[in-house]
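For reference, the structure is listed below as structure tokens.
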Amino acid sequence: MAFAPVPEWTGDVAALRAVQDDLARQVVLKDAFPKPLRTVAGFDVGFEDDGATTRAAAVLLDADSLQVLETRLVRLPKRMPYVPGLLSFRELPALLAALCLLSVTPDLVFVDGQGIAHPRRLGIAAHFGIATDLPSIGVAKKILVGENTTTLHDMRGAFTTLRDKGAQIGWLLRSKAGCLPLVVSPGHRVAMATAPEMVMRFVTGYRLPEPTRLADRLASRRDE
DNA sequence: GCGACAG
DNA sequence: ATCTTGTCGC
Numbered sequence: 002m003a004f005a006p007v008p009e010w011t012g013d014v015a016a017l018r019a020v021q022d023d024l025a026r027q028v029v030l031k032d033a034f035p036k037p038l039r040t041v042a043g044f045d046v047g048f049e050d051d052g053a054t055t056r057a058a059a060v061l062l063d064a065d066s067l068q069v070l071e072t073r074l075v076r077l078p079k080r081m082p083y084v085p086g087l088l089s090f091r092e093l094p095a096l097l098a099a100l101c102l103l104s105v106t107p108d109l110v111f112v113d114g115q116g117i118a119h120p121r122r123l124g125i126a127a128h129f130g131i132a133t134d135l136p137s138i139g140v141a142k143k144i145l146v147g148e149n150t151t152t153l154h155d156m157r158g159a160f161t162t163l164r165d166k167g168a169q170i171g172w173l174l175r176s177k178a179g180c181l182p183l184v185v186s187p188g189h190r191v192a193m194a195t196a197p198e199m200v201m202r203f204v205t206g207y208r209l210p211e212p213t214r215l216a217d218r219l220a221s222r223r224d225e
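With the numbering used here, letter number 224 in the first sequence gets 225, and the count goes up by one each step, no holes.
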């Protein structure tokens, strides 16, 4: 399985933004994944050596039992600095490498970060989806762009629209009472309305859904 | 010009 | 993201 190459960092921010605009046009916001789901996977990145090393984690789960079927970890040297809005060019290569190590291709992917809730509508989850053509959803812990609309009830499962320039770009989802809401947005091959319910389907007793929560622990070595 | 800014 | 202890509320 080969993917479209991720552009290298030359310092040319404008060039990467142009790439994002091109890829964003290819995003499909309609459900296009197998039903019922068989497997799902969570992805996240962490760092070592003061950021010199990138650690990407992939966790494959059974969609029904939520049992962990496989866990993968990849280390790659840093390729570029963190630039708000250009996160995917920095972390996607490592995530794709981790995906390649899975023995099974997941039916749906959850990525720690934004889906289309991005200035140019191409957060890392959307970029991941376009690069692999796999259905994807972005699960971020903070808003990058956009604003809340109505009040969010402090009840598990409550959600409100996240909009930017008048259009809805995602949701603020209270995955757990008493916790700050998650920023959920479709990445690729997933409809706006489907994203929050898919996330809640994998939330157990924590703020983060299992796929992302487990990948997060591995990538940030908060594991063991 | 000023502030904001996923991970 | 990462560096870090105790503390408050569900």
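Just so it is clear, CB atoms sit at the ideal spot from N, CA and C, and this is done for glycine as well.
Distance check for residue j and residue i, CA to CA, integer angstroms please.
i      : j      : result
Glu148 : Asp165 : 6 Å
Cys101 : Met2   : 7 Å
Asp13  : Arg218 : 33 Å
Phe34  : Asp51  : 38 Å
Ala192 : Gly171 : 10 Å
Glu92  : Arg18  : 16 Å
Val46  : Ala15  : 25 Å
Val146 : Cys180 : 20 Å
Lys79  : Gly124 : 19 Å
Gly167 : Lys142 : 22 Å
Leu254 : Leu209 : What the structure shows of the chain is the stretch from 2 to 225, and residue 254 is not part of that stretch, so it cannot be assessed.
Pro182 : Phe160 : 8 Å
Leu215 : Thr11  : 33 Å
Please report the Cβ distance between residue i and residue j, rounded to the nearest whole angstrom; I am assuming they are in contact, meaning their Cβ atoms lie under 8 Å.
i      : j      : result
Phe44  : Leu96  : 5 Å
Val28  : His189 : 5 Å
Gly139 : Ala118 : 7 Å
Ala99  : Gly114 : The Cβ separation is near 14 Å, so there is no contact.
Arg157 : Ala178 : 5 Å
Leu88  : Ala64  : Not a contact, Cβ separation roughly 27 Å.
From this set, the options, which residue's C-alpha is nearest residue i's C-alpha?
i      : options                           : result
Thr213 : Val184, Thr195, Met193 and Ala192 : Val184
Thr106 : Leu70, Val191 and Thr162          : Leu70
Ala220 : Ala58, Ala64, Met81 and Thr133    : Ala58
Pro197 : Gly12, Gly116, Pro35 and Asp51    : Gly116
Phe90  : Glu49, Pro6 and Ala192            : Pro6
Lys36  : Ala15, Phe111, Pro136 and Phe4    : Pro136
Thr162 : Ala194, Lys177, Lys31 and Arg26   : Ala194
Leu103 : Asp32, Leu67 and Val75            : Val75
Arg223 : Arg56, Ala42 and Pro120           : Arg56
Val41  : Glu225, Val204 and Arg208         : Val204
Leu30  : Phe160, Gln169 and Gly158         : Gln169
Arg73  : Ala64, Pro8, Asp23 and Val60      : Val60
Glu49  : Leu77, Met199, Asp23 and Arg26    : Leu77
Ser186 : Ile144, Glu225 and Arg26          : Ile144
Lys94  : Val200, Thr54 and Pro120          : The amino acid at residue 94 is misidentified as Lys; the sequence shows Pro. Comparing Cα positions, the closest option is Thr54.
Val20  : Glu211, Val112, Arg121 and Arg175 : Arg121
Would you kindly report the start and end of the unbroken alpha helix (DSSP H) that includes residue i?
i      : result
Pro99  : Rather than Pro, the amino acid found at residue 99 in this sequence is Ala. That run of the alpha helix (DSSP H) goes Leu88 to Cys101.
Val200 : Thr195 to Arg202
Glu211 : Glu211 to Ala220
Ala19  : Val14 to Ala25
Thr162 : No alpha helix (DSSP H) holds Thr162; the beta strand (DSSP E) holding it covers Phe160 to Asp165.
Phe129 : Ile125 to Thr133
Could you spell out the range, first to last residue, of the beta strand (DSSP E) harbouring residue i?
i      : result
Phe44  : Thr40 to Glu49
Leu70  : Val69 to Pro78
Ile144 : Where Ile144 is concerned, there is no enclosing beta strand (DSSP E), given that its DSSP letter is neither H nor E.
Gly188 : Leu183 to His189
With a cut-off of 8 Å, do at least 3 Cβ pairs link the segment 70-84 to the segment 117-137?
no
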